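The next block holds one structure in the form of structure tokens; read it before the comments.
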Amino acid sequence: MNGRPISGASVGTRARGSKGILALLLGVLLLAVTACGGGGDSDSGSGNGKDKSTGSSTKADTKVSQAVVTIAPKNGTNGVATSGALKVSAAKGKLTEVTVKDGKGNAVDGAITGGGATWTPSTHLASATKYKVHAVAKDADGREAAEESAFTTLTPKNTFVGMFTPEDGSKVGVGMPFSVRFTRGITHPEAVEKAIKIKTEPAVDVQGHWFGNDRLDFRPEQYWKAGTKVT
Numbered sequence: 432m433n434g435r436p437i438s439g440a441s442v443g444t445r446a447r448g449s450k451g452i453l454a455l456l457l458g459v460l461l462l463a464v465t466a467c468g469g470g471g472d473s474d475s476g477s478g479n480g481k482d483k484s485t486g487s488s489t490k491a492d493t494k495v496s497q498a499v500v501t502i503a504p505k506n507g508t509n510g511v512a513t514s515g516a517l518k519v520s521a522a523k524g525k526l527t528e529v530t531v532k533d534g535k536g537n538a539v540d541g542a543i544t545g546g547g548a549t550w551t552p553s554t555h556l557a558s559a560t561k562y563k564v565h566a567v568a569k570d571a572d573g574r575e576a577a578e579e580s581a582f583t584t585l586t587p588k589n590t591f592v593g594m595f596t597p598e599d600g601s602k603v604g605v606g607m608p609f610s611v612r613f614t615r616g617i618t619h620p621e622a623v624e625k626a627i628k629i630k631t632e633p634a635v636d637v638q639g640h641w642f643g644n645d646r647l648d649f650r651p652e653q654y655w656k657a658g659t660k661v662t
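For the sequence shown, the numbering used here gives the first residue as 432, with consecutive numbering after it.
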């Protein structure tokens with residue numbers, strides 16, 4: 432009976448000894464694999480460093496556009512005149528895009544002139560209105576430079592309203608003038624007359640005539656041709 436426990440203990444010891452040897456071998460193998468893996472990670476890290484260095488070098492080689500965009504008036508300016516103050520220009524390049532919009536998104540018409548050197552509006556700006564300007568120019572190598580500005584036009588101390596006849600869409604006789612009556616006397620009639628544009632289809636020369644300082648009529652020298660559309 433004493434032999435069986437001893438034999439059993441002996442077998443158990445041997446079994447544990449075999450497991451210990453196997454664990455030791457696995458540990459050595461894992462250590463070897465880890466050492467190889469560590470070397471690979473180091474090389475990979477070095478490779479990433481080279482890539483970053485190359486990327487940085489590429490960025491450094493990127494040249495900035497030589498074109499310079501200038502917008503007048505300057506950003507944040509208030510009390511800007513509604514005529515003659517807005518101008519966009521480009522140096523060492525040519526303007527390719529200029530957009531001017533009010534707070535409601537309405538665009539201001541204008542034209543790029545001087546071979547891309549300047550842009551000016553083709554109409555008067557509205558008073559007491561904030562405008563935003565976005566302009567883009569390209570240099571000789573095609574690189575773009577952009578500039579933005581926002582400004583607010585002046586609020587006039589004295590205002591007036593013009594009420595016109597005939598009404599929009601109406602049909603009238605060939606002798607009816609286009610007439611504008613103002614709510615107060617006009618102190619600069621030439622400027623007011625110049626600001627009103629008359630278009631006719633078919634085209635005919637139309638002249639303005641003042642009656643006092645608060646009424647302005649437009650009509651041709653003779654009568655309108657029947658069917659003429661007046662805008």
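Don't be surprised by glycine CBs; every beta carbon is placed ideally from N, CA and C.
In this text, all values refer to a predicted model and were calculated from it rather than measured experimentally.
| task | Have a look at Val495 and Gly524 and give me their C-alpha separation to the nearest angstrom. | result | Indexing the sequence shown from 1 puts residue 495 at position 64. Indexing the sequence shown from 1 puts residue 524 at position 93. Cα to Cα, the separation comes out at about 13 Å.
| message | Looking at the strands, I want to know which residues DSSP matches up with Asp533. | response | In the sequence shown, residue 533 corresponds to position 102, counting from 1. Beta-bridge pairing links Asp533 to Tyr562.
| Under the three-state reduction of DSSP, which class applies to Pro504: helix, strand or coil? | The residue given as residue 504 occupies position 73 in the sequence shown. Of the three classes helix, strand and coil, the one that applies to Pro504 here is coil, per DSSP.
| field | Cutoff 7 Å; reference Asn537; Cβ partners in own chain excluding five residues on either side | value | Taking the first residue of the sequence shown as position 1, residue 537 is located at position 106. Correct list: empty, nothing qualifies.
| query | CB of Phe595 to nearest heavy atom of the ligand MN: below 7 Å? | reply | Among the ligands in the structure shown, none appear at all, so the ligand MN cannot be discussed.
| message | Our contact map puts Asn644 next to Pro608 with C-beta atoms below 8 Å; I'd like the distance itself, whole angstroms only. | response | The residue labelled residue 644 in the question sits at position 213 within the sequence shown. The residue labelled residue 608 in the question sits at position 177 within the sequence shown. Actually they do not touch by this definition, with Cβ atoms about 17 Å apart.
| query | Between Val539, Gly606, Gly534, Thr527, which lies nearest to Gly573 when the distance is taken from Cα to Cα? | reply | In the sequence shown, residue 573 corresponds to position 142, counting from 1. Nearest of Val539, Gly606, Gly534, Thr527 to Gly573, Cα basis: Thr527.
| For Lys525, three-class secondary structure by DSSP | Reading the sequence shown from its first residue, position 94 is the one you call residue 525. In the three-state DSSP reduction, Lys525 falls in the strand class (E or B).
| query | Should the stretch 595-608 be regarded as contacting the stretch 568-586, the criterion being three or more beta carbon pairs within less than 8 Å? | reply | no
| Among the residues of its own chain, which have a CB less than 7 Å from the CB of Lys630, if the five just before and after it don't count? | As a working mapping, residue 630 is identified with position 199 in the sequence shown. Cβ-Cβ distances below 7 Å link Lys630 to Thr662 in the same chain, with the five nearest sequence neighbours on each side left out; the list follows chain order.
| said: Given this structure, state the Cα-to-Cα distance separating Glu632 from His640, to the nearest angstrom. | reply: On the sequence shown, residue 632 is found 201 positions in, with the first residue counted as 1. On the sequence shown, residue 640 is found 209 positions in, with the first residue counted as 1. Rounded to whole angstroms, Glu632 to His640 spans 21 Å at the Cα level.
| field | Residue span of the alpha helix (DSSP H) that contains Glu621, given as start and end | value | In the sequence shown, counting from the first residue as 1, residue 621 sits at position 190. Segment 620-626, the alpha helix (DSSP H) holding Glu621.
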